[in-house]
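K.L.:
Just dropping this structure here.
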Amino acid sequence: MPTTAAPMPFAGPRLRPPCNLTSARPGPRRAGLAVVSAAAGGSPPTVLVTGAGGRTGQIVYKKLKERTDQFVGRGLVRTEESKAKIGGAADVFVGDIRDPASIAPAIDGIDALIILTSAVPKMKPGFDPSKGGRPEFYFDEGSYPEQVDWIGQKNQIDAAKSIGVKQIVLVGSMGGTDVNHPLNKIGNANILVWKRKAEQYLADSGLPYTIIRAGGLQDKDGGVRELIVGKDDEILKTETKTIARADVAEVCLQALLFEEARFKAFDLASKPEGEGVPTTDFRTLFSQVNSRF
Ligand SMILES: NC(=O)c1ccc[n+]([C@@H]2O[C@H](COP(=O)([O-])OP(=O)(O)OC[C@H]3O[C@@H](n4cnc5c(N)ncnc54)[C@H](OP(=O)(O)O)[C@@H]3O)[C@@H](O)[C@H]2O)c1
Numbered sequence: 023m024p025t026t027a028a029p030m031p032f033a034g035p036r037l038r039p040p041c042n043l044t045s046a047r048p049g050p051r052r053a054g055l056a057v058v059s060a061a062a063g064g065s066p067p068t069v070l071v072t073g074a075g076g077r078t079g080q081i082v083y084k085k086l087k088e089r090t091d092q093f094v095g096r097g098l099v100r101t102e103e104s105k106a107k108i109g110g111a112a113d114v115f116v117g118d119i120r121d122p123a124s125i126a127p128a129i130d131g132i133d134a135l136i137i138l139t140s141a142v143p144k145m146k147p148g149f150d151p152s153k154g155g156r157p158e159f160y161f162d163e164g165s166y167p168e169q170v171d172w173i174g175q176k177n178q179i180d181a182a183k184s185i186g187v188k189q190i191v192l193v194g195s196m197g198g199t200d201v202n203h204p205l206n207k208i209g210n211a212n213i214l215v216w217k218r219k220a221e222q223y224l225a226d227s228g229l230p231y232t233i234i235r236a237g238g239l240q241d242k243d244g245g246v247r248e249l250i251v252g253k254d255d256e257i258l259k260t261e262t263k264t265i266a267r268a269d270v271a272e273v274c275l276q277a278l279l280f281e282e283a284r285f286k287a288f289d290l291a292s293k294p295e296g297e298g299v300p301t302t303d304f305r306t307l308f309s310q311v312n313s314r315f
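Using the numbering used here, you'd call the opening residue of the sequence shown number 23 and step up by one each time.
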């Protein structure tokens with residue numbers, strides 16, 4: 023991978039590429055303004071991350087808030103508890119993606135949307151690891167993948183489209199090419215099937231999009247590994263099928279900055295730390311992707 027070593031690869035302004043999302047505001051929203059150089063005097067785009075209280079969503083929210091020269095960040099969380107957890111700022115909206123009216127205020131006026139919501143399985147009580155076997159999982163009534171990952175994501179895409187958003191980044195999961203993937207068995211809820219249905223809906227929406235299908239997520243430092251992109255779950259047949267949540271978060275932001283990331287879908291993993299060269303050249307990374315779905 024053609025990457026260049028750098029001690030602090032994600033240091034914000036230093037990496038600033040030509041921004042294709044610079045907001046057209048405060049003037050009226052007009053078509054055809056997706057690619058406007060920040061240097062030309064536009065204000066930074068307003069970017070909403072949903073699932074902002076989640077494990078990857080919180081990192082995205084934090085990064086957006088740190089890069090005020092590039093983005094005006096917003097978050098959407100489901101509960102007041104989640105809002106408090108990420109600092110409770112006024113730019114954190116509370117809403118439920120299953121209820122379109124409740125997310126409208128968060129969507130209103132945004133330039134780009136990063137979707138990091140997900141149905142979350144819960145472990146059935148009584149599992150004793152000392153006895154071996156596997157734990158069983160369930161979803162709360164009304165919070166199955168069909169409702170959260172399909173209807174909830176569709177609601178977000180529809181709402182964003184209705185206000186003329188310029189790009190949607192959607193984080194999904196590898197494994198979706200295999201209907202018999204073990205993740206589909208969790209709670210017997212076909213989570214990857216519903217996620218993929220939402221991905222297809224986004225790809226068919228006509229909006230610029232980036233679909234990131236992450237490998238196994240790890241709570242590790244970002245910016246210290248070489249990232250790998252692939253398609254059609256080919257990465258799952260290799261030994262390098264995990265990625266740090268912090269790296270996924272960074273790729274979400276970078277996808278908003280490079281034309282090369284638009285209208286693309288890709289699998290994302292990383293080499294182990296110490297192997298390869300930490301990725302800093304995201305234009306080159308996105309250029310390696312040639313699949314639209
Ligand atoms: N775990 C893995 O190894 C793995 C691998 C590949 C891809 N992925 C995917 O990567 C993405 C990020 O994963 P993650 O582990 O960082 O996510 P996560 O921590 O599970 O966060 C999911 C977020 O979605 C929110 N949410 C759920 N239902 C909602 C609703 N009805 N309205 C509004 N928000 C709602 C949750 O809010 P609450 O906090 O209120 O519940 C939570 O903050 C997910 O799509 C996941 O499936 C995961």
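Where a beta carbon is used, it is the ideal one built from N, C-alpha and C, also for glycine.
For Glu282, tell me which candidate among Val114, Ile190, Lys219 and Gln310 has the shortest Cα-Cα distance.
P.N.:
Locating residue 282 in the sequence shown gives position 260, where the first residue counts as 1. Considering only alpha carbons, the answer is Gln310.
K.L.:
Is any heavy atom of ligand 1 found at a distance shorter than 8 Å from the C-beta of Leu239?
P.N.:
Locating residue 239 in the sequence shown gives position 217, where the first residue counts as 1. Checking the Cβ of Leu239 against ligand 1 gives yes.
K.L.:
Tell me the residue span of the alpha helix (DSSP H) that contains Arg235.
P.N.:
Within the sequence shown, residue 235 is the residue found at index 213, counting from 1. Run containing Arg235: none in the alpha helix (DSSP H); it sits in the beta strand (DSSP E), Tyr231 to Ala236.
K.L.:
Following a CB-centred definition, is Asp303 positioned closer than 8 Å to any heavy atom of ligand 1?
P.N.:
For the purposes of this step, residue 303 is taken as residue 281 along the sequence shown, with counting starting at 1. Checking every heavy atom of ligand 1 against the Cβ of Asp303, none is found closer than 8 Å.
K.L.:
Taking only heavy atoms of ligand 1 into account, decide whether any of them is closer than 8 Å to the Cβ of Arg218.
P.N.:
Position 196 of the sequence shown, counting from 1, holds the residue named residue 218. Not under cutoff, so the answer is no.
K.L.:
Any idea what DSSP makes of Tyr83, helix, strand or coil?
P.N.:
Here residue 83 is taken as the residue at index 61 of the sequence shown, counted from 1. Of the three classes helix, strand and coil, the one that applies to Tyr83 here is helix, per DSSP.
K.L.:
Tell me which same chain residues have a C-beta within less than 7 Å of the C-beta of Val187, skipping the five on either side of it?
P.N.:
Counted from its first residue, the sequence shown places residue 187 at position 165. For Val187, where only same-chain residues beyond five positions count, the Cβ hits under 7 Å are Ile132, Asp133, Ala134, Leu135 and Leu229.
K.L.:
Quick check on the burial criterion: 16 or more other C-beta atoms within 10 angstroms. Buried or exposed for Ala181?
P.N.:
By one-based count along the sequence shown, residue 181 stands at place 159. Buried, by the Cβ-count rule.
K.L.:
If you run the structure through DSSP and keep just helix, strand and coil, what is Ser195?
P.N.:
For the purposes of this step, residue 195 is taken as residue 173 along the sequence shown, with counting starting at 1. Residue state, collapsed to three classes: strand.
K.L.:
Taking 8 Å as the line, does the beta carbon of Thr78 fall inside it for any heavy atom of ligand 1?
P.N.:
The sequence position of residue 78 within the sequence shown is 56, counting from 1. Correct: Thr78 has its Cβ closer than 8 Å to ligand 1.
K.L.:
Give the secondary structure of Gly174 by DSSP, where H, G and I count as helix, E and B as strand, and everything else as coil.
P.N.:
Numbered from its first residue, the sequence shown carries residue 174 at position 152. Looking at Gly174 - three-state DSSP - the assignment turns out to be helix.
K.L.:
Just to confirm my understanding: we take Pro157, look at its own chain, exclude 5 residues before and 5 after, and list those with CB closer than 6 Å. What are they?
P.N.:
Taking the first residue of the sequence shown as 1, we reach residue 157 at position 135. Result list for Pro157: Met145 and Phe149, in chain order.
K.L.:
Comparing C-alpha positions only, which one of Pro300, Glu248, Asp254 and Leu239 sits nearest to Gly199?
P.N.:
Working through the sequence shown from its first residue, we reach residue 199 at position 177. The question names Gly, but residue 199 in the sequence shown is Thr. Comparing Cα positions, the closest option is Asp254.
K.L.:
Can you name, in chain order, every residue of its own chain whose Cβ lies under 6 Å from the Cβ of Gly298, other than the five neighbours on each side?
P.N.:
Locating residue 298 in the sequence shown gives position 276, where the first residue counts as 1. Excluding sequence neighbours, Gly298 sits near Glu248.
K.L.:
Hey, would you say Ala271 sits closer than 9 Å to Ile119, going by beta carbons?
P.N.:
On the sequence shown, residue 271 is found 249 positions in, with the first residue counted as 1. On the sequence shown, residue 119 is found 97 positions in, with the first residue counted as 1. No, the pair does not count as a contact, with Cβ atoms beyond the cut-off.
K.L.:
Under DSSP, the alpha helix (DSSP H) around Ser124 begins and ends at which residues?
P.N.:
Residue 124 sits at position 102 when you count from the first residue of the sequence shown. Its alpha helix (DSSP H) spans residues Pro122 to Ile129.
K.L.:
Quick one: Cα of Tyr83 to Cα of Val273, how far?
P.N.:
For the purposes of this step, residue 83 is taken as the residue at position 61 of the sequence shown. For the purposes of this step, residue 273 is taken as the residue at position 251 of the sequence shown. Using only the alpha carbons, I get a separation of about 13 Å.
K.L.:
What do you reckon, is the C-beta of Val273 under 8 Å from a heavy atom of ligand 1?
P.N.:
Along the sequence shown, read from residue 1 onward, the residue named residue 273 stands at position 251. Incorrect: Val273 has no Cβ contact closer than 8 Å to ligand 1.
K.L.:
Go to Ile119, then tell me how far its alpha helix (DSSP H) extends in each direction, as first and last residue.
P.N.:
As a working note, residue 119 is residue 97 in the sequence shown. It is not in any alpha helix (DSSP H) - Ile119 carries neither H nor E in the DSSP assignment.
K.L.:
Let me confirm a value: Thr90 is counted as buried when at least 16 other C-beta atoms fall within 10 Å, else exposed. Which label applies?
P.N.:
Translated into positions along the sequence shown, residue 90 becomes position 68. When all chains shown are included, Thr90 counts as exposed.
K.L.:
What residue range is occupied by the uninterrupted beta strand (DSSP E) comprising Thr264?
P.N.:
Mapped onto the sequence shown, residue 264 falls at position 242. Run containing Thr264: Thr264 to Ala266, per the beta strand (DSSP E) assignment.
K.L.:
In angstroms, rounded to a whole number, what distance separates the CA positions of Phe315 and Lys153?
P.N.:
By 1-based counting over the sequence shown, the position of residue 315 is 293. By 1-based counting over the sequence shown, the position of residue 153 is 131. Straight-line Cα distance between these residues: approximately 42 Å.
K.L.:
Using 10 angstroms around the beta-carbon of Thr301, count the other beta-carbons present and answer buried if the total reaches 16, otherwise exposed.
P.N.:
Here the question's residue 301 lines up with position 279 in the sequence shown. By the 10 Å Cβ count, Thr301 comes out buried.
K.L.:
Cα separation between Thr101 and Gly117?
P.N.:
Along the sequence shown, one-based indexing puts residue 101 at 79. Along the sequence shown, one-based indexing puts residue 117 at 95. Those two C-alpha atoms are separated by around 7 Å.
K.L.:
Confirm, please, whether the CB-CB distance from Phe285 to Tyr231 is below 9 Å.
P.N.:
For the purposes of this step, residue 231 is taken as residue 209 along the sequence shown, with counting starting at 1. For the purposes of this step, residue 285 is taken as residue 263 along the sequence shown, with counting starting at 1. Contact flag set, yes.
K.L.:
The beta strand (DSSP E) spanning Val187 covers which residue range?
P.N.:
Position 165 of the sequence shown holds residue 187. Where Val187 is concerned, there is no enclosing beta strand (DSSP E), given that its DSSP letter is neither H nor E.
K.L.:
Who does Tyr160 pair with in a DSSP beta bridge?
P.N.:
Along the sequence shown, one-based indexing puts residue 160 at 138. DSSP, once it has assigned bridges, lists Lys144 as partnering Tyr160.
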